[in-house]
Amino acid sequence: MKGIIIVGFEENSETYIDTQFPINICEFLRVNPNLLKDLVEQHLNKKMEPNYIEMKLNGEISVASFYSGFSFRHYVGKPNFAIIIFLSQDDVLSNEFEGMMRRIAHELLPKREALNFDDILGQYYEMLKKEELTSYWEEIIEGETSVIVVKKKEEEKQDTEEIEDVKGEIVEEQMSQVSSADFLQENEDLKAEITELQNLIEEKKSKIRELTRKFTELMSENTKKTEEIQTLKEEINEQYIKLEKWSHQMADLNENNAKLMNDVKNLNQKIIERDDFLKEKERKIEELSIKLTSVDEFDEKTEIMLQEKEDLITINVSLNSEIVRLEKDIKNLKNEVEKSQNQIAIHIDTITDLKLDAKNLKSKISSVDEEKEKVKDKSLDLKKEIKVLRRERDHYKKIVKENNLL
13 MKGIIIVGFE ENSETYIDTQ FPINICEFLR VNPNLLKDLV EQHLNKKMEP NYIEMKLNGE
73 ISVASFYSGF SFRHYVGKPN FAIIIFLSQD DVLSNEFEGM MRRIAHELLP KREALNFDDI
133 LGQYYEMLKK EELTSYWEEI IEGETSVIVV KKKEEEKQDT EEIEDVKGEI VEEQMSQVSS
193 ADFLQENEDL KAEITELQNL IEEKKSKIRE LTRKFTELMS ENTKKTEEIQ TLKEEINEQY
253 IKLEKWSHQM ADLNENNAKL MNDVKNLNQK IIERDDFLKE KERKIEELSI KLTSVDEFDE
313 KTEIMLQEKE DLITINVSLN SEIVRLEKDI KNLKNEVEKS QNQIAIHIDT ITDLKLDAKN
373 LKSKISSVDE EKEKVKDKSL DLKKEIKVLR RERDHYKKIV KENNLL
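Every position in the sequence shown, counted from 1, becomes a number in my numbering once 12 is added.
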């Protein structure tokens, strides 16, 4: 059980939550008067007399509810209130649960104005969870107390008295018709049969309790498996997000690498062009040197040639400095390319690991789904077996009652 609330009704039949325990149970379960509308309508449609209902709110929240009655001449405890219990999935309600809720209405609702009412409500709720409350089956009708349903203990007592009366009549008849020895023998046979049937009933009850326990354990295990599946799905989503980030980073690195390679290619082309240019100038210098056979004849040309040579030397020096700078640039670019290639190798390994993790998580989810299906099949088998055993128990009880074996 998750909690208990007491619902009241205004003069215009509007519903309001009067009291709740624990104090925040409605907020936790997201319960409001609108959600209780269908439940209230079912209560009020039953001639506004005290009545008990078990249902699901909005198809999700299981509740057991008792309405105390509308009329001030026909009610339990105090008119126009509903006591609602929020149930858990593993709650199995006994046949006396309605009677215990009637007991709460009978004893608790008249104390509604007490200062410690919330504490009293909590105490009754704990006793209800432990099934420590006795059933109450009386209603107030026009100021008098009327028993509408007899308690099981009183019914058993009455049946026992009837059985004793019948036994007395049988004894009187048999005493007049048969000998006391035959009567004693028949009485012993009946006692032995009663003992055997009682033992069989106890055995069936024990088996039902055991199957109920197993069913509860399977439902709990099913819940755990569902939570594990949800956790694995979240992990897979995180891994996919990481994989997408790494893919974007890889694309950026590949783009930067392509740019660097293009720059290196352009620089190499410029270096080749410079080398060709220098070789051509050196060739021209050699040709001019060969042509300089006579200094006297070619003084003017020599000066021109020397000037051109100095210009060429200056150009050569500037070209050498440019070559040195380009070599440094090439070296830096090669280092950057090497770093990019290392990062690419690291990211490729990381992406491979992420894909392997995703594959493993998918296999885990498939195995968990298979286990969940097995748990469902087991729970269905246990439900069927519990139903069969309950039918057998009711059958044996009917035999005992019809033959007055108690």
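Every residue, glycine too, gets a C-beta built ideally from N, C-alpha and C. Predicted model only: the values in this text are computed from it and were never measured.
Beta-bridge analysis with DSSP links Leu69 to Ile73.
For Val19, the enclosing beta strand (DSSP E) begins and ends at 15-21. For Gln32, the enclosing beta strand (DSSP E) stretches over residues 27-33. Straight through space, the alpha carbons of Val400 and Glu215 are spaced by roughly 14 Å.
Within the same chain, Phe82 come within 6 Å of Met60 by CB-CB distance, once the 5 residues on both sides are set aside. A direct Cα-Cα distance of roughly 11 Å separates Lys217 from Asp406.
Ranked by Cα distance from Pro91, the first of Glu315, Val19, Asp393, Glu322 is Val19. Contact between Lys237 and Lys384 holds, with the beta-carbon distance rounding to 5 Å and staying under 8 Å.
Just so you know, the alpha carbons of His55 and Leu196 end up roughly 55 Å apart.
For Asn63, the pairing in a beta bridge is given by DSSP as Tyr79. The three-state secondary structure of Ala94, taken from DSSP, is strand.
Phe98 sits close to Leu41, with the two beta carbons spaced by under 9 Å. Between the stretch 335-355 and the stretch 268-283 there are three or more inter-stretch CB-CB distances shorter than 8 Å, so the stretches are counted as touching. Setting aside the 5 residues that flank it on each side, Ser352 is surrounded in the same chain by Leu265, Asn268, Asn269, Leu272, each with a C-beta closer than 8 Å to its C-beta; the list follows chain order.
Between Phe21 and Gly134, the beta carbon gap of about 23 Å keeps them out of contact (Cβ cut-off 8 Å). In the structure shown, Tyr87 adopts extended strand secondary structure according to DSSP, grouped into three states. Here the alpha carbon of Glu39 sits roughly 12 Å from the alpha carbon of Gly15. Within the model, the alpha-carbon separation for Asn372 versus Glu247 is close to 11 Å. If you compare the alpha carbons of Asn63, Thr243, Lys68, Arg114 with that of Lys49, the shortest gap goes to Lys68. In this structure, Val88 sits near Glu151, with a CB-CB distance shorter than 9 Å. Annotated as distal: Ile95 and Val412, with beta-carbon spacing of 9 Å or more. For Leu121, there is no enclosing alpha helix (DSSP H), as DSSP marks it with neither H nor E. Closest by C-alpha distance to Val52, out of Asn416, Ile302, Tyr28, is Tyr28.
DSSP places Glu143 outside both helix and strand once states are collapsed to three, so it counts as coil. The DSSP-derived three-state label of Glu108 is coil. For Leu56, the uninterrupted alpha helix (DSSP H) run begins and ends at 49-57, by DSSP. Per DSSP, the unbroken alpha helix (DSSP H) holding Leu41 starts and ends at 37-41. In chain order, Leu279 place their CB closer than 8 Å to the CB of Asp341, counting only its own chain and leaving out the 5 sequence neighbours on each side. The beta carbons of Asn63 and Phe78 sit closer together than 9 Å. The alpha-carbon of Ile327 is positioned some 16 Å away from that of Leu338.
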